[in-house]
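Structure, as structure tokens:
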């Protein structure tokens, strides 16, 4: 009987040790997971701060910046910063595609500018080298036309001394178009640089274009353009890509730096409407 009691006691002790070991291992594993998560979160934040620092350095420079393997602070390396001018090659045949605002929607009633001539901060150098050709505007975030945006497209062409103003209004929703008198847009969808757009409007051929403004109505919407001409399409700004690493975390920022917008008064009160 005593031997049986000793065996039962040993069994209970073993079970208690197994339970304690299981609980201990579970707590240890959870602690290791929490420490790893905290470390990864910290590294990710540091890497993001490094990528931001590289972006700020590029934004602060008037010329294109290239950075490779630059120490930011202890344990953080700015891997690479590149700037790419957004302009079209002179190859012809719808050769230049561009998505405004890095693919993010353009705010309703706000608008975005497309430069059809050379941009410059020097007023004497602005609107030089006007572009001529065919321009198609793409937009839309869903196939539900009546819950998507209509566009007002304002084009200034000619010369600085004798500019000409043309206005186009397009709406993918035929019901709305019957009331607002906009032209019904083409509802054929298409992919521009990997992003889908649901509507398109081909403008009449532009001669000596200076600048265009595209304003969404009823809804915010992403906007892209396709330019068809053998002439290089004017620069629309720069795309800055910055990446940094801390520990096992790497973060990347892609930023579109466009040019300053022209005040709305220039479009609505200072030019002759054709």
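Numbering (our numbering), first residue to last: 351 to 624. We put the beta carbon where it would ideally sit given N, CA and C, even for glycine. Bear in mind that the values here come from a model prediction, so they are computed numbers and not experimental data.
Inter-residue Cα distance where the pair is residue i and residue j
i           : j           : result
residue 593 : residue 375 : 38 Å
residue 405 : residue 602 : 10 Å
residue 369 : residue 396 : 40 Å
residue 445 : residue 438 : 7 Å
residue 567 : residue 527 : 12 Å
residue 361 : residue 367 : 10 Å
residue 517 : residue 421 : 51 Å
residue 544 : residue 427 : 30 Å
residue 564 : residue 452 : 16 Å
residue 542 : residue 436 : 15 Å
residue 585 : residue 410 : 19 Å
residue 501 : residue 515 : 16 Å
residue 556 : residue 418 : 42 Å
residue 403 : residue 462 : 27 Å
residue 423 : residue 391 : 17 Å
residue 401 : residue 449 : 23 Å
residue 509 : residue 399 : 45 Å
Per DSSP, cross-strand counterpart(s) of residue i
i           : result
residue 486 : 552 and 576
residue 398 : None, per the DSSP bridge assignment.
residue 541 : 546
residue 562 : 464 and 505
Sequence-distant residues of its chain with Cβ nearer than 7 Å to residue i (five each side left out)
i           : result
residue 432 : 416 and 591
residue 524 : 534
residue 536 : 549, 550 and 551
Same chain, Cβ closer than 8 Å to residue i, neighbours up to 5 away in sequence not counted
i           : result
residue 478 : 467, 468 and 470
residue 581 : 440, 481, 482 and 483
residue 475 : 468
residue 531 : 519
Residue i burial status per 10 Å Cβ neighbour count (16 or more: buried)
i           : result
residue 505 : buried
residue 579 : buried
residue 512 : exposed
residue 562 : buried
residue 554 : exposed
residue 571 : buried
residue 624 : Unreliable positioning characterises residue 624 in this predicted model, as indicated by a pLDDT of 46, which lies under 50. The coordinate reading is nonetheless provided below. Its Cβ having fewer than 16 others within 10 Å, residue 624 is exposed.
residue 442 : Because the pLDDT at residue 442 is just 48, under 50, the model does not fix this residue reliably, and the point stays unresolved.
residue 588 : buried
residue 363 : exposed
residue 414 : exposed
residue 460 : exposed
Contacts around residue i, its chain only, beta-carbon distance under 6 Å, and the 5 residues preceding and following it disregarded
i           : result
residue 493 : 548
residue 533 : 520
residue 393 : 596, 597 and 599
residue 455 : 570, 571 and 572
Distance between beta carbons of residue j and residue i, contact taken as under 8 Å
i           : j           : result
residue 465 : residue 609 : 6 Å
residue 447 : residue 552 : Not really, about 14 Å apart at Cβ, beyond 8 Å.
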